[in-house]
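Enquirer: Got a structure here, written out as structure tokens. Questions coming.
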Amino acid sequence: MEEVIEQLREANEPVPVPLELPDEDQLVEIEEQLFINIPFVFKEFLLTVSDVVYGSLEPVTCTDPQSHTFLPDVAANAWEAGVPRDLIPLCQDGDSYYCVEEDGTVVLWDGDEEAITEESWESVWHWARDVWLES
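Following this line, the structure appears as structure tokens:
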């Protein structure tokens with residue numbers, strides 16, 4: 013995990029308006045809006061690297077309700093598209109969504125097939141290393 017955080021920090025691209033990291037209270041508010049608990053490992057991810065801008069993928073954020081990556085809005089869109097309600101979207105990729113399961117596993121929900129694919133990652137950190145850093 014520390015190694016992935018370091019790689020993401022090094023890869024972080026400068027942007028005119030940098031994103032902010034959320035605090036614990038903001039995550040509690042997000043959970044209340046979603047009516048779902050955010051798995052611990054996903055919370056760690058949001059608290060430590062959700063301000064990183066890198067590559068072609070844009071993981072969800074929790075501090076700016078106006079952002080197109082704001083978790084409650086991304087979740088509403090994903091669930092409306094057919095993503096199962098017990099999955100929390102981590103990142104939209106076209107019509108598909110990388111989602112976090114209750115146990116912290118990341119799965120890919122395919123928008124064309126409207127189903128979860130065979131692809132999965134042990135945690136958001138494995139996904140960040142194998143997918144986000146490669147985007």
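One point on numbering: in this note's numbering, the residue at position 102 of the sequence shown is 114, and numbering is uninterrupted. Note that CB positions come from ideal geometry on N, CA and C, so glycine has one too. What you are looking at is a predicted structure, and each value in this text was computed from that prediction instead of being measured.
#1: Can you tell me whether residue 41 is buried or exposed, with buried defined as 16 or more other CB within 10 angstroms of its CB?
#2: Could you have a look at residue 130 and say whether DSSP puts it in helix, strand or coil?
#3: Would you check if the distance between the CB atom of residue 16 and the CB atom of residue 133 is smaller than 8 angstroms?
#4: Can you tell which of 31, 114, 117 has its C-alpha closest to the C-alpha of residue 64?
#5: Look at residue 116 and residue 52 and say whether their C-beta atoms are less than 8 angstroms apart.
#6: Relative to the C-alpha of residue 75, which residue among 67, 59, 90 is closest?
#7: Which of helix, strand or coil does DSSP assign to residue 33?
#8: Please confirm whether residue 23 and residue 145 have their CB atoms less than 8 angstroms apart.
#9: When you compare the CB positions of residue 119 and residue 104, do they come within less than 8 angstroms of one another, or not?
Expert: From the atom records:
#1: Exposed, since its Cβ has fewer than 16 Cβ neighbours within 10 Å.
#2: strand
#3: No, Cβ-Cβ distance for residue 16 and residue 133 is not below 8 angstroms.
#4: 31
#5: yes
#6: Ranking 67, 59, 90 by CA distance to the CA of residue 75 puts 59 first.
#7: coil
#8: Result yes, Cβ atoms of residue 23 and residue 145 sit closer than 8 angstroms.
#9: no
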